[in-house]
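Counted the way my numbering counts, the sequence shown spans residues 1 to 335.
Beta carbons: idealized from backbone N, C-alpha and C, even for Gly.
Fair warning: this is a prediction, and the values are worked out from it, not measured in the lab.
Structure, as structure tokens:
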Amino acid sequence: MSQALSEFSELAAMPPTLRALLEAELAAGNQVAEIDRGFPAPLVGCCVLLAKPVGTRASGTDDGLCFEEWPNWKGYNGYTDAQRRFFVLNPPYPPPPDPVMRWDERGAAICSSTQAEAPPEARQEARQEAQTNRGDSLLRRFKQSMEIDYGKWHDGIGYDLEALRVMAGDQRETAQVMLLAHGIGDWRDVEALALLDSPAARSALRVALESADAQIRLAVARHAPDLVPPEVRTASLVTALETVTAFDGLTQAMDEAASFHPPEVMDALWRGVRDREGDVAVHFAGLLTYLHGKADSVFDYAQRPFFLTFNTRDKQARAAAVALLRDRLIVSPDA
1 MSQALSEFSE LAAMPPTLRA LLEAELAAGN QVAEIDRGFP APLVGCCVLL
51 AKPVGTRASG TDDGLCFEEW PNWKGYNGYT DAQRRFFVLN PPYPPPPDPV
101 MRWDERGAAI CSSTQAEAPP EARQEARQEA QTNRGDSLLR RFKQSMEIDY
151 GKWHDGIGYD LEALRVMAGD QRETAQVMLL AHGIGDWRDV EALALLDSPA
201 ARSALRVALE SADAQIRLAV ARHAPDLVPP EVRTASLVTA LETVTAFDGL
251 TQAMDEAASF HPPEVMDALW RGVRDREGDV AVHFAGLLTY LHGKADSVFD
301 YAQRPFFLTF NTRDKQARAA AVALLRDRLI VSPDA
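Below, the structure is given as structure tokens:
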């Protein structure tokens, strides 16, 4: 039995081009496997994961949609439009087949009874070669992940930390040299150095705390909080909340504020719902609602229509939205 788009109230705001694609897929027998409100969609959108790959859209169709892939994120791929708020995703690519194992964990050859077992020297050489190849592969993966294009920047995809995490000591040393030579340009470098947690990495992070870039200081506070005095962490987060934009640092600042919100941070959020750009104020309103115990998540979709009232340039309308938010959260105007 085919599904109908009307069954999914979450998709009411989906743009017409994506809606047309999804309707065509459902009419052709495809199904919605899941609706997810996480990456790559922002909090005001969502992702529709299909049960089967899209099959109704011809290659090269000029409908304003673009195809994107996220190889470092579950292997998903799919379609979105210029607004990048809603996504129609194909099921992830299947994982590659397991490699053929030549030796078991004791170094014995895995072969049929008609095959001769390799001598111990050959088994040792094979193990060493496999370890070397694996280390080289991990370094290549990590180095490639450091090449940030527009898509990775826009979607907030970081470096391949899993490759870094499982590297042997000499590979980690090489990766550290690469990172230190690259310099700390944004949160990705901070995140990787914090994972390494070596004396050289910690020294670089302490220097980054003096950066003129508030987002770098915020990243150090988030990923290496033991290096940051509480007052510095607070000041970095307040500055970030006053300067981040929807596609440049907002997610990181929101994540930090959700777990670390002294009075100065709460004050910055209240100033933000009053004075910041509409697309930022929307998210601040959601976060304040969560921090005051009136929502189960930092952006409660059940309250989304109210949060969207903050996305306005009309000062009177914004002031009315702030007043209603204070009333809902039982917060005094003087607080």
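In this model, Ala214 and Ala208 are separated by some 10 Å (Cα to Cα).
When the Cα atoms are used, Leu179 and Arg206 turn out to be separated by approximately 15 Å. Our two residues, Leu196 and Gly60, have alpha carbons roughly 44 Å apart in a direct line. Annotated as proximal: Thr251 and Gly156, with beta-carbon spacing under 7 Å.
Partner residues in a beta bridge of Thr309, as assigned by DSSP, do not exist. Three or more Cβ pairs closer than 8 Å define a contact, and the stretch 232-243 meets that threshold against the stretch 215-222.
Residue pairing for Phe67: DSSP places it in a beta bridge opposite Tyr79. Per DSSP, Val238 has no beta-bridge partner at all.
Residue nearest to Ser259 within the set Leu89, Leu288 and Ala24 is Leu288 (criterion: CA-CA distance). Its chain contains Arg202, Leu205, Arg206, Leu209 and Val220 as the residues whose beta carbon lies nearer than 8 Å to that of Leu227, once the 5 sequence neighbours on both sides are disregarded; these appear in chain order. Note: Glu34 is bridge-paired with Leu49 in the DSSP secondary-structure output.
Here Thr245 is exposed. Its C-beta has fewer than 16 other C-beta atoms within 10 Å.
In the DSSP annotation of this structure, Leu43 is not part of any alpha helix (DSSP H), being labelled neither H nor E.
Beta-bridge partners of Leu89 (DSSP): Leu49 and Gly78. Residue burial annotation: Glu264 is exposed, with fewer than 16 other C-beta atoms found within 10 angstroms of its C-beta. Under DSSP, the beta-bridge partners assigned to Asp248 are Thr245. Boundaries of the alpha helix (DSSP H) harbouring Leu26: Pro16 to Ala27, taken from the DSSP string. The C-beta of Cys47 has 16 or more other C-beta atoms within 10 Å across all chains shown, which makes the residue buried.
Where Ala181 is concerned, the enclosing alpha helix (DSSP H) starts and stops at Gly169 to His182.
Per DSSP, the unbroken alpha helix (DSSP H) holding Tyr150 starts and ends at Tyr150 to Asp155. The way I'd put it, the stretch 295-303 doesn't touch the stretch 265-278; fewer than three beta-carbon pairs between them come closer than 8 Å. Ala295 sits in coil when the DSSP states are folded into three classes, being neither helix nor strand.
When rounded, the separation of the alpha-carbon atoms in Pro333 and Leu291 is 17 Å.
Inter-residue distance for Trp187 and Gly29 is about 43 Å (C-alpha atoms, whole angstroms).
The alpha-carbon separation between Ala58 and Arg19 amounts to approximately 16 Å. One thing to note: Ala163 has its Cβ within 7 Å of the Cβ of Phe142. In the DSSP annotation of this structure, the continuous segment of the alpha helix (DSSP H) that includes Gly272 starts and ends at Pro263 to Asp275. If you check the CB distance, Phe67 and Tyr79 come in under 7 Å. According to the DSSP assignment, Asp189 belongs to the alpha helix (DSSP H) that extends over Trp187 to Leu196. Residue environment analysis places Gln316 among the exposed positions, since fewer than 16 neighbouring C-beta atoms fall within 10 angstroms of its C-beta. Looking only at Leu49, Ala24 and Asp170, the smallest Cα-Cα distance to Gly55 is reached by Ala24.
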